[in-house]
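Scroll down for the structure; my scribbles are underneath it.
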Amino acid sequence: MEELNGVTIYWLISIGLLIGYFMELILGKRGMSLTGNLIGGVIGSLVIGIVAIHLNLFGALAYASIGAVAFLFLCNVFNIHPEHREDTKIA
Numbered sequence: 455m456e457e458l459n460g461v462t463i464y465w466l467i468s469i470g471l472l473i474g475y476f477m478e479l480i481l482g483k484r485g486m487s488l489t490g491n492l493i494g495g496v497i498g499s500l501v502i503g504i505v506a507i508h509l510n511l512f513g514a515l516a517y518a519s520i521g522a523v524a525f526l527f528l529c530n531v532f533n534i535h536p537e538h539r540e541d542t543k544i545a
């Protein structure tokens with residue numbers, strides 16, 4: 455079982471940053487900004503990872519990565535901006 459120490463917190467933050475960066479690459483300019491994705495990834499990863507560690511679940515880092523993806527998905531769904539296209543404008 456994993457325990458909550460400095461190394462685990464480092465890995466949780468690293469996972470959140472990595473997933474936030476990948477989410478920015480996938481969504482581009484349609485979702486949140488790079489900073490928002492990075493911060494959201496870290497928040498999702500830390501919260502779910504710490505909860506998984508306190509519940510003594512096996513593979514807390516895997517749960518943290520799933521939590522970061524889910525949190526960023528929800529945040530980006532409500533922040534999607536349609537791409538600016540000239541053919542959709544009505545004169």
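Using my numbering, you'd call the opening residue of the sequence shown number 455 and step up by one each time.
From the three backbone atoms N, C-alpha and C, an ideal C-beta is built for every residue, glycine too.
* Would you kindly work out how many angstroms separate the C-alpha atoms of Ile-534 and Lys-483, rounded to a whole number? => As a position in the sequence shown, residue 534 is number 80, starting the count at 1. As a position in the sequence shown, residue 483 is number 29, starting the count at 1. One alpha carbon belongs to Ile-534, the other to Lys-483, and they sit about 9 Å apart.
* Asked: How long is the line joining the alpha carbons of Val-523 and Ser-487, rounded to whole angstroms?
  -> Reading the sequence shown from its first residue, position 69 is the one you call residue 523. Reading the sequence shown from its first residue, position 33 is the one you call residue 487. Inter-residue distance for Val-523 and Ser-487 is about 15 Å (C-alpha atoms, whole angstroms).
* Cα-Cα, which of Gly-485, Leu-479 and Gly-494 is closest to Val-531? -> Residue numbering aside, residue 531 sits at position 77 when the sequence shown is read from its first letter. Cα-wise, what sits closest to Val-531 is Gly-485.
* Thinking C-beta only, is Leu-526 closer than 9 Å to Gly-503? -> One-based indexing of the sequence shown puts residue 503 at position 49. One-based indexing of the sequence shown puts residue 526 at position 72. No; because the gap between Cβ atoms is not below 9 Å, this pair is not in contact.
* **Residue range of the unbroken alpha helix (DSSP H) whose run includes Leu-472** => Here residue 472 is taken as the residue at index 18 of the sequence shown, counted from 1. Per DSSP, Leu-472 belongs to the alpha helix (DSSP H) from 460-481.
* Asked: What separation, rounded to the nearest whole angstrom, lies between the Cα atoms of Ser-499 and Leu-472?
  -> Locating residue 499 in the sequence shown gives position 45, where the first residue counts as 1. Locating residue 472 in the sequence shown gives position 18, where the first residue counts as 1. Ser-499 and Leu-472 have their alpha carbons spaced roughly 10 Å apart.
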